[in-house]
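Here is the structure we will look at, set down as structure tokens.
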């Protein structure tokens, strides 16, 4: 889980965080999650690329606020996986947004998908199991 302060520039004409900004929150959270677990996201060798993303907006976020963004594995495929995200209030009592991102593991030289590495599979399975225990 990462902490992100809401910036004045994140707001739109309606006085709340613009819908496009949430996808930046998801991006930052998943990149930090992967890198914290030993997977570089630098466009070299093998690594993730975004295939699909989605978001359900439950409550608006207003400035000033500091949010938490959680990241966990929802699904595992042969060459892809889906991560889930929750955007939470600073006290973690309010869920502002629920989202997901489907990522494909790519061989950047061949521009082709490639099977998920064993070390990543272990991380994803561990994350799936931890989330199942929380439910």
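Residue numbers (the working numbering): 1 to 135.
Note that the Cβ used here is the ideal one computed from N, Cα and C, for glycine as well.
| Reference residue 51, options 14, 21 and 112, closest by Cα | Along the chain shown, read from residue 1 onward, the residue named residue 51 stands at position 51. The candidate whose alpha carbon is nearest that of residue 51 is 112.
| With a Cβ-Cβ cutoff of 8 angstroms, do residue 48 and residue 103 count as a contact? | As a working note, residue 48 is residue 48 in the chain shown. As a working note, residue 103 is residue 103 in the chain shown. Yes, Cβ-Cβ distance for residue 48 and residue 103 is below 8 angstroms.
| message | Is the separation between the beta-carbon of residue 9 and that of residue 54 shorter than 8 angstroms? | response | The residue labelled residue 9 in the question sits at position 9 within the chain shown. The residue labelled residue 54 in the question sits at position 54 within the chain shown. No, they are not a contact pair.
| task | Answer with buried or exposed for residue 119, where buried requires no fewer than 16 other C-beta atoms within 10 angstroms of its C-beta. | result | The residue labelled residue 119 in the question sits at position 119 within the chain shown. Label assigned to residue 119: exposed.
| request: Decide if residue 58 is buried, meaning its Cβ has at least 16 other Cβ atoms within 10 Å, or exposed. | output: Start at 1 with the first residue of the chain shown, and residue 58 comes out as number 58. So residue 58 ends up on the exposed side.
| message | Within the continuous alpha helix (DSSP H) that includes residue 35, where are the two ends? | response | In the chain shown, residue 35 corresponds to position 35, counting from 1. First-last of the alpha helix (DSSP H) with residue 35: 21-36.
| field | Meets three-Cβ-pair contact criterion under 8 angstroms: the region 84-94 and the region 64-71 | value | Contact between the region 84-94 and the region 64-71 is present: 3 or more CB-CB pairs across the two stretches fall below 8 angstroms.
| message | Using a 10 Å radius around the Cβ and a threshold of 16 neighbouring Cβ atoms, would you call residue 127 buried or exposed? | response | Mapped onto the chain shown, residue 127 falls at position 127. Residue environment: residue 127 is assigned as buried (16 or more neighbouring CB atoms within 10 Å of its CB, all protein chains considered).
| field | Of the residues 43, 23 and 45, the one placed nearest residue 56, counting alpha carbons only | value | For the purposes of this step, residue 56 is taken as residue 56 along the chain shown, with counting starting at 1. Answer by Cα proximity: 23.
| task | Measure the alpha-carbon distance for residue 19 versus residue 11 and round it to whole angstroms. | result | Residue 19 sits at position 19 when you count from the first residue of the chain shown. Residue 11 sits at position 11 when you count from the first residue of the chain shown. Approximately 9 angstroms between the Cα atoms of the pair.
| message | According to DSSP, is residue 94 part of a helix, a strand, or is it coil? | response | Here residue 94 refers to the residue found at position 94 when the chain shown is read from its first residue. If DSSP states are grouped into helix, strand and coil, residue 94 belongs with coil.
| field | Cβ neighbours of residue 44 in the same chain (closer than 7 angstroms, five flanking residues each side left out) | value | Taking the chain shown and counting its residues from 1, the one referred to as residue 44 is at position 44. Excluding sequence neighbours, residue 44 sits near 108.
| task | State yes or no: is the C-beta of residue 16 within less than 8 angstroms of the C-beta of residue 106? | result | The residue given as residue 16 occupies position 16 in the chain shown. The residue given as residue 106 occupies position 106 in the chain shown. Not in contact: residue 16 and residue 106 (Cβ atoms no closer than 8 angstroms).
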